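Q: Let me begin by handing over the structure; questions about it come next.
Residue numbers (the numbering used here), protein chains in the order written: chain A, 46 to 182; chain B, 46 to 182.
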């Protein structure tokens, strides 16, 4: 039983500590989309001890704040699903009223053609810096 | 600017405290689906102070545990989206390999016709009791 998130980082790593890593998601429709991935293999938040839960969520909140600030997102979406890859990870997604699926979830049928402003894509480069400013290197 | 979750409970209330309430979601394809709704109006987790965040997530974890145990779910899904109703609420959803969208998110195009075993629907009646056993009345 191989697990994709045990055997690979799951994206370009922007930040990490002993508990988890933050990776940039390669999804052109959603610049700024990051995932916070637990380093050890566990399925559910309720499989973690309280200290791990709090430590993981502290990173999720810091990433949410970094993305909000850097991207100027209109709404933030947080989700821990893991139906296909049952290794605990959080999707942290900046949403805009003109994005491909808004106001639907990004997993729903698209509402419009893709058309991300270049300026928005460029801003995503600042997220790693904002995370480090918040959590340290 | 009226907010649906400020002006109504948002479902049958199973449990509540000063900070938040747990409601049962009326979605026949997903028995056991609950939402944890912040009582006051706020948009994002990063709009809450740390004590509120921790208090809200403590309830989310208790609801996840209650649903896992009561429903025998194969996977749990957690999501805070709020694109349509930007009043902080968490979806806590038990997933099964034979459910309508598995392994996709419940917001995606269905994978199969609906067909929930009656036994699964019946089990959802035990969730309120499991939440109270965990968090108190």
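Where a beta carbon is used, it is the ideal one built from N, C-alpha and C, also for glycine. Keep in mind that this is a model prediction, so the values were computed, not measured.
(1) Any beta carbon of chain B sitting closer than 8 Å to that of residue 152 of chain A?
(2) Please state whether DSSP places residue 79 of chain B in a helix, a strand or coil.
(3) Identify every run of the alpha helix (DSSP H) within the region 80–143 of chain B, keeping only runs that are complete inside it and at least 4 residues long; order them along the chain.
(4) Could you pull the DSSP bridge partners for residue 60 of chain A from this structure?
(5) Is residue 141 of chain A close to chain B? Criterion is C-beta to C-beta, closer than 8 Å.
(6) Any Cβ of chain B within less than 8 Å of the Cβ of residue 239 of chain A?
(7) So for residue 48 of chain B, helix, strand or coil by DSSP?
(8) When you compare the CB of residue 96 of chain A with every CB in chain B, is at least one pair closer than 8 Å?
(9) Which residue wins for smallest C-alpha separation from residue 80 of chain A, given the options A/92, A/121, A/134 and A/112?
(10) In the structure shown, what three-state DSSP assignment does residue 171 of chain B receive?
(11) Return yes when at least one heavy atom of the ligand MG lies under 7 Å from the C-beta of residue 94 of chain A, else no.
A: Considering the structure as presented:
(1) Yes - at least one Cβ of chain B is within 8 Å of the one on residue 152 of chain A.
(2) strand
(3) 95–116
(4) A/67
(5) Residue-level contact by beta carbon fails for residue 141 of chain A and chain B, as no gap is shorter than 8 Å.
(6) It is not possible to answer for residue 239 of chain A, since the shown part of chain A is limited to 46 through 182.
(7) The answer is coil: DSSP assigns residue 48 of chain B none of H, G, I, E or B.
(8) no
(9) A/134
(10) helix
(11) With respect to the ligand MG, the structure shown offers nothing to examine, as it has no ligands at all.
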